[in-house]
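For the sequence shown, my numbering begins at 3 and goes up steadily by one.
Yeah, the Cβ is synthetic: ideal placement off N, Cα and C, and Gly gets one too.
Below you'll find the structure, written out as structure tokens, and then a few comments.
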Amino acid sequence: MSQNPGKPNRLANESSPYLLQHAYNPVDWYPWGREAHEKAASEDKPVIVSIGYSSCHWCHVMERESFESPEIAGLMNARFVCIKVDREERPDIDQVYMDAVQAMGVHGGWPLNVFLTPDLRPFYGGTYFRPDAWKQLLVNVSETYKRNKKEVRESADKFAEFIRESEIEKYSLHQTEEEFRLEEFAISIDKMIAGFDPAEGGFQRAPKFPMPVLWSFLLHYGFLVKNKTVVDHVGLTLKKMSEGGIFDQVGGGFSRYSVDGKWFVPHFEKMLYDNAQLLGLYAEAYRLNPDPAIRKVVYQTASFILREMTGNEGGFYSALDADSEGIEGKFYTWTDNEISQLLQDNAQIMKELWGITEKGNWEDSRNIIAVAADKEIICEKYDITGKDLESLTEKSRERLLVARSARIRPGLDNKLITAWNGMMVTGLANAYITFGDDFFLVPAIRNAGVLSGIFEELGKLPRKLQDPGNSTPGFLDDYAFVMEAMISLYQASFDEKWVGIALKIGNYVTQNFYDEKEDLFFYSPMDAETPVARKKELFDNVIPSSNSVMALNLFKLGKILDHAGFLEISGKMLSRMHKLIIAEPEYLSNWGKLFCLMSNPFAEIAVVGPDYNEICRDLLADFNPGKIVMGSGRESSLPLFEGRTAINGKTTIFVCYNKACKLPVHSVEEALRLLQ
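Encoded structure:
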């Protein structure tokens with residue numbers, strides 16, 4: 003936000019924290035909408051669309067350097083219509099113009115600054131610009147538009163044509179009748195393995211991003227094909243991430259990424275979507291390898307979210323900024339003297355464990371806390387047990403957390419993004435499935451109640467949970483992640499009302515987003531006003547693509563409800579993506595998880611009887627992605643329970659594959675043998 007606020011611009015009336023940060027810029031910003039579009043058309047002025055988000059470091063830098071400059075603002079106001087967009091509120095706009103900039107040969111990122119014709123077609127763009135370069139660009143673009151309007155419009159026509167090109171044609175996504183076989187991944191997985199970092203986990207590159215959906219896919223794939231190299235590397239990656247500076251060793255939760263190759267120096271912003279997914283990933287990994295260190299990560303991450311990113315009504319906030327007091331990481335880092343004063347007698351041992359030095363292990367004599375020493379060596383040196391060291395670490399962590407809470411906090415983006423709230427419910431539900439602790443289930447049910455209540459009341463989902471009736475309508479990811487949350491919550495609680503909500507959402511999405519010609523879903527609903535073109539989101543990135551999440555949802559719900567229509571759509575979607583998934587699993591890893599499920603026999607398990615809950619939980623706690631578990635102690639509306647009762651009053655387990663069931667059994671051990 004401007005350090006010297008003067009007269010507010012139109013953004014002062016917005017609710018987005020990112021737009022409000024720019025509300026006192028001298029730039030005459032407009033929010034995206036009719037007023038700005040009509041002004042550009044009536045005055046025949048080119049448009050600047052500047053896109054970012056509240057915790058974006060370089061967005062803040064460009065604001066300070068350029069958008070707070072009266073000279074530069076004067077150029078922008080005189081020659082352009084200037085629009086600010088929060089990419090988290092309007093991802094549909096961001097998608098269109100990000101595609102355009104990448105088509106121009108520019109590596110994408112934020113801030114994203116794009117020049118448009120008055121009818122909103124892009125003709126030039128980029129990301130961050132230094133103030134001198136930005137000032138010169140403003141002059142050049144405005145003069146070019148005045149003098150060569152015809153050429154500019156022809157260029158815009160070409161980019162618009164590129165944006166409108168069907169994803170089916172762009173990536174040759176043609177239907178096939180081929181079976182899905184995991185062996186097809188062999189070559190691409192070998193290439194991936196060749197890029198593994200055997201020392202630090204992840205890949206041999208910097209910066210390092212967590213990419214939770216990729217490691218989840220590799221965990222599933224490695225387990226199913228018994229590839230120990232892959233499974234072990236996922237374990238190494240999760241260990242190294244949790245010991246690095248990217249994981250907040252004091253307060254829990256993960257930062258966006260590390261700028262180095264050792265997970266050490268984080269880009270300190272914390273995003274809800276990262277932590278939601280990593281919570282679920284670590285909980286899932288614990289089922290395969292019940293390591294206490296993994297358990298600690300799950301509990302500390304959930305504690306961070308519930309402590310720092312949860313509102314009074316149970317909604318989950320979007321992000322915490324990297325900066326506090328205008329300095330990146332100041333809230334999270336420590337001087338040697340601070341550690342000495344706070345930990346006193348225990349300071350020396352913790353300094354050695356955490357790599358704290360007098361000179362600092364980072365910038366300006368400050369230290370990032372990470373696990374920097376071998377714990378066994380520390381124990382041997384100080385003649386203590388591993389349990390003693392763990393206890394000492396926990397006490398030290400709590401003391402630092404109390405001290406840190408008195409500092410000036412990073413900025414909070416308090417938007418309640420529907421999609422990300424759904425992701426967090428799924429993460430909490432997965433943690434509950436693993437640990438059976440109401441600590442996870444209670445906030446998940448509370449939030450799911452808000453999500454389902456809004457859907458039932460409005461008949462649709464908004465993009466934001468605040469003032470839902472006036473929010474931008476929800477996009478495909480909002481529906482996909484909330485539907486996933488309802489399915490996950492059913493697996494955690496066996497309350498069939500969540501299945502009912504998931505079914506209603508699935509029906510709504512197939513009616514309002516599905517493209518029957520291409521067997522995929524649009525990102526925007528049918529009645530949306532989207533610039534240039536309606537897009538389809540296919541590639542899994544830091545967040546899984548909305549199409550891959552929907553395909554998995556329809557498969558799982560199709561199995562729970564024996565819903566032939568959902569299963570057919572899911573199968574068609576995967577068939578469309580078949581060749582691309584095999585060629586590029588690193589960028590289609592959530593699709594890869596569905597590929598795993600459709601490549602192997604998939605078990606539908608019904609548990610009936612008085613002890614169904616306990617037995618279902620034991621079955622789910624076993625790591626095997628190729629199953630769905632349903633439980634009931636009474637009559638159920640789910641098809642798999644039809645005609646099935648507890649035999650002789652004893653809880654009974656029915657394991658079925660493709661509508662053919664094995665002989666019923668009564669113990670978890672017997673059921674697990676059938677699953678093998």
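Leaving aside the five residues that flank alanine 80 on each side, none in its chain has a CB nearer than 7 Å to its CB.
Residue state for valine 427 is assigned as helix, using DSSP reduced to three classes. Exclusion of the five residues before and after arginine 399 leaves Val252 as the residues of its chain whose Cβ lies within less than 6 Å of its Cβ. Straight through space, the alpha carbons of aspartate 121 and glutamate 37 are spaced by roughly 13 Å. For proline 294, the enclosing alpha helix (DSSP H) begins and ends at 294-310.
Annotation for tyrosine 481: the continuous alpha helix (DSSP H) segment containing it runs 478-495. Residue environment: serine 393 is assigned as exposed (fewer than 16 neighbouring CB atoms within 10 Å of its CB, all protein chains considered). DSSP places asparagine 509 in the helix class (H, G or I) of the three-state scheme.
DSSP places serine 44 in the uninterrupted alpha helix (DSSP H) bounded by 36-45. Residue nearest to tyrosine 223 within the set Asn592, Pro666, Ser244, Ile649 is Asn592 (criterion: CA-CA distance). Rounded to whole angstroms, the separation of the alpha carbons of methionine 243 and aspartate 199 is 12 Å. The residues Glu67, Ser68, Ser71, Ile74, in chain order, have a CB closer than 8 Å to that of proline 133 in the same chain once the five nearest residues on each side in sequence are set aside. The count of Cβ pairs closer than 8 Å, one atom from the region 204-212 and one from the region 249-269, reaches three, so the stretches are in contact. When C-beta atoms of the region 629-640 are compared with those of the region 482-497, three or more pairs fall below 8 Å, so the two segments count as touching. Secondary structure note for serine 634: it is in no alpha helix (DSSP H), and the uninterrupted beta strand (DSSP E) holding it is 629-634.
Straight-line measurement puts the Cα of aspartate 159 at about 8 Å from the Cα of phenylalanine 125. The region 155-209 contains no complete beta strand (DSSP E) run of 3 or more residues. Contact between the region 535-550 and the region 156-176 is established, with three or more Cβ pairs separated by less than 8 Å. Counting the other Cβ atoms within 10 Å of the Cβ of asparagine 150 gives fewer than 16, which makes it exposed.
The DSSP-derived three-state label of phenylalanine 441 is helix. Shown here for glutamine 343: not one same chain residue has a beta carbon closer than 6 Å to its own, the five before and five after excluded. Going by DSSP, valine 252 is part of no alpha helix (DSSP H) at all; its letter is neither H nor E. Per DSSP, lysine 389 lies in no beta strand (DSSP E); the unbroken alpha helix (DSSP H) holding it starts and ends at 388-406.
Just measuring C-alpha positions, the residue of Ser44, Pro93, Asn27 sitting nearest glycine 54 is Pro93. The beta carbon of leucine 640 lies closer than 6 Å to those of Met632 in the same chain, with the five residues before and after it left out.
Rounded to the nearest whole angstrom, the CA to CA distance from alanine 162 to isoleucine 191 is 36 Å.
Under DSSP, proline 666 shares a beta bridge with no residue. With respect to the 8 Å criterion, methionine 600 and phenylalanine 182 are classified as neighbours on the basis of their beta carbons. Bounds of the beta strand (DSSP E) holding glutamate 606 are 605-610. Boundaries for tryptophan 217: no beta strand (DSSP E) harbours it, while the alpha helix (DSSP H) harbouring it runs 214-227, taken from the DSSP string.
Excluding five sequence positions before and after aspartate 479, the CB atoms of its chain that fall closer than 6 Å to its own CB belong to Ala421, Ser548, given in chain order.
With fewer than 16 other Cβ atoms from the protein chains shown falling within 10 Å of its own Cβ, valine 141 counts as exposed.
In the structure shown, proline 124 adopts extended strand secondary structure according to DSSP, grouped into three states. Taken in chain order, the unbroken stretches of beta strand (DSSP E) that lie wholly in the region 62-109 and span 3 residues or more are 83-88. Asparagine 314 is classed as exposed because its beta carbon has fewer than 16 other beta carbons within 10 Å across all chains shown. In the structure shown, proline 546 falls within a coil segment according to DSSP collapsed to helix, strand and coil.
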